[in-house]
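Quick note, our numbering runs 30 ahead of the 1-based positions in the sequence shown.
We put the beta carbon where it would ideally sit given N, CA and C, even for glycine.
Since we're looking at a predicted model, the values are computed, not measured.
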Amino acid sequence: LISICFFSLNFTAILAEINGFGMFNVYFSIDEALGYQDVRDDLSEAHLAGCRLVTHYFRQEHSLSDEDKPFWFGLEDWLEANPEAAERLQTWKNNYGESLGWKLFFYSTYLLEAYQKTQGGLKVLVGEIYGMFPSDLDDVDLRSFVTTILEFEAANCPDSIGGWYVVEEPNSSAKRYHPDRYESIVALIQASEADMEISPRPIYIDISPYRKRSQVIPFLKSADVIMISPDAYIWARVPPTYVEEAQYESIHHAIRSMRSHAKASKNPDSRIEVVLQAYDWNSKGPLQPSHINMHQQVNYTLQPGWVDRGVYAIRPRWEPPPDGIWFWWWHDCKSKKRTPQGDIIEINRWDKGTEGEWAEAIQTELSKQQQPVQIRGTERWQGIIHIIGDVIVSRNATLILEAGTTVKFATWDHFQSGADSNLCELIVRGKLLVEGTPSRQVLLTSDAENRRLSIRPRKPRKADWYGIRTDGTSATVMIENCQIQYAIQK
């Protein structure tokens, strides 16, 4: 067995250079017409938060009632209120038929809205293509779709197609996609692009690395970008439950597994991108990920991660960060909501002041140049908080630890930063307020017994973490009724 000791962790972490992030299924104007009541237009908001690439699952024009009869939710009303869109839909149908005409209308509208609302800043992945054209009998329509949507893009929203989203979870029990059909779809897309003499757009797929290798490799051979989900959703459990000790290392483990598959498929140059959790899986418990959870999730993903404990004959090693990150859009937080007082308010996780403030955490970690997590503004910690690396309370920022809070620091610094690159530090450049009471003290302690981190769990001991460190003349620390355990510096 290979032991992991602090002296073996001499590695200088380098933040991955990732320009923005991707977001799944960001809504647009047609969604309310198709059944989502009072949804917000999120394209511009997502872009302002740092999103650069979006997807939207294809939705049929009609839904089915309980009697299996097709019907519209509110599409007729929406088209009546948007006569220009109604005219475009009818033109598409006149030229390409009911089915293909609707597909072209759906994605041309999405492309146009993304382009217009972000001045061309947002790119769109078109698809999932396999689900739209599952059979060889669909080849004529597929080729026509690709050619026509590219022509529409060139004429109306240049460079808006960021790629083709061909398959998602092809090995799931609900799909069982055939690799041969996947390959033929890719070939048809690329042939259409060649005929138009345009540069090929990347082929994107989303697939789990934890299926049998024989099931995974056939879908990797032709992919330019391989996305991993939901294997990096570290607060998701079945059935839904509160996850106190998140397994951050599982993110890089999934990345390493996928890179191994890509190499075996003779496609080692494909980009590996990971989809992170950005929705509350367990709605009955505290919000997960919390604000500090989101900070740590993004920050750790952007750095090399330590994979495995040196057991089962697998040598532990540093795994480089992914080539890109994605988030699943938080569906419950982009619509109107009734307050207990009966008022209707619009909510969104991008809004300032909302629980979690995920957008700020994501933006901060993507934009900063330093390795530790950085806290900006005013943040409150309560309950049990697990910290996996250095945390900086920035100048003009305030971190408040409420009465009864327990903060547990990992026994090694996952971010490899600070005065001691091996130990976790709470670095104060702004203001730290610890508001314990005699009956509800605040505890800062070791997380040595955490079974979800790479270091083997053990009893806490002295010097498990660095402690509180002030940095600069603006640093203020005010502590009341607080115990600090197992730190070098108190």
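DSSP-derived helix/strand/coil call for Ala343: The predicted model places Ala343 with a pLDDT of 44, which falls under 50 and marks its position as unreliable, so this point remains unresolved.
C-alpha gap between Leu152 and Ile355, whole angstroms: 15 Å
Cβ neighbour criterion (16 or more within 10 Å) applied to Thr503: exposed
Same chain, Cβ closer than 6 Å to Asp450, neighbours up to 5 away in sequence not counted: Tyr496
Three-way DSSP call (helix, strand, coil) for Asp225 in this model: helix
Option in Ser229, Pro200 and Arg243 with minimal Cα separation from Ile235: Pro200
Three CB pairs or more closer than 8 Å across the stretch 486-494 and the stretch 468-478: yes
Sub-8 Å separation of Thr178 and Leu250 beta-carbons: no
Strand pairing of Cys81, partner residues [DSSP]: Phe51
Pairwise C-alpha distance: Ala116 and Phe110: Contrary to the premise, residue 110 reads as Glu rather than Phe in this sequence. Approximately 7 Å, taken between the alpha carbons.
Residue from Gln146, Thr148 and Leu172 whose Cα sits closest to the Cα of Gly157: Leu172
Which residues DSSP lists as bridging Ser476, in chain order: Phe439
Residue nearest to Gly434 in terms of C-alpha spacing, selected from Val472, Trp122, Asn511 and Trp194: Val472
Residues bridged to Trp194 [DSSP beta-bridge criterion]: Val156 and Ile233
Separation of Asp443 from Tyr516, as counted between CA atoms: 15 Å
Neighbourhood of Ser138 by C-beta, 6 Å cutoff - its chain only, sequence neighbours within 5 removed: Phe182
Start-to-end residues for the beta strand (DSSP E) that takes in Ala517: Ala517 to Gln519
Residue range of the beta strand (DSSP E) that includes His416: Ile414 to Ile417
Buried/exposed call for Ala343, threshold 16 Cβ in 10 Å: Interpretation of Ala343 is limited by its pLDDT of 44, a score under 50 that renders its predicted location unreliable; no figure is taken from the coordinates.
Status (buried if at least 16 other CB within 10 Å, exposed otherwise) for Gly523: Absent from the structure is residue 523, since the part of the chain shown begins at 31 and ends at 520.
Under the three-state DSSP convention, the category Gln146 falls into: helix
Assigned exposure category for Thr121 - 16 Cβ within 10 Å defines buried: exposed
Backbone CA spacing between Val337 and Pro350 [nearest angstrom]: 10 Å
The stretch 424-431 / the stretch 397-407 touching (three or more Cβ pairs under 8 Å): yes
Residue of Val304, Val273 and Asp299 minimising C-alpha distance to Ser313: Val273
Leu180 and Met226 closer than 8 Å at C-beta: yes
Closest by C-alpha distance to Asn323, when choosing among Ser290, Tyr278 and Gly335: Tyr278
When Ser238, Arg410, Trp311 and Arg347 are compared against Trp265, the one with the closest alpha-carbon: Trp311
Start-to-end residues for the alpha helix (DSSP H) that takes in Gln390: In the sequence as presented, Gln is not what sits at residue 390; that position holds Glu. Trp388 to Ser397 is the extent of the alpha helix (DSSP H) around Glu390.
For Pro334 and Arg289, the rounded distance between their alpha carbons: 14 Å
Tyr496, DSSP secondary structure in three states: strand
Residues that DSSP places opposite Cys512 in a beta bridge: Val472
Beta-carbon proximity of Arg410 to Glu432, cut-off 8 Å: yes
Under the three-state DSSP convention, the category Trp108 falls into: helix
Identity of the residues DSSP links to Arg410 by a beta bridge: Ile430
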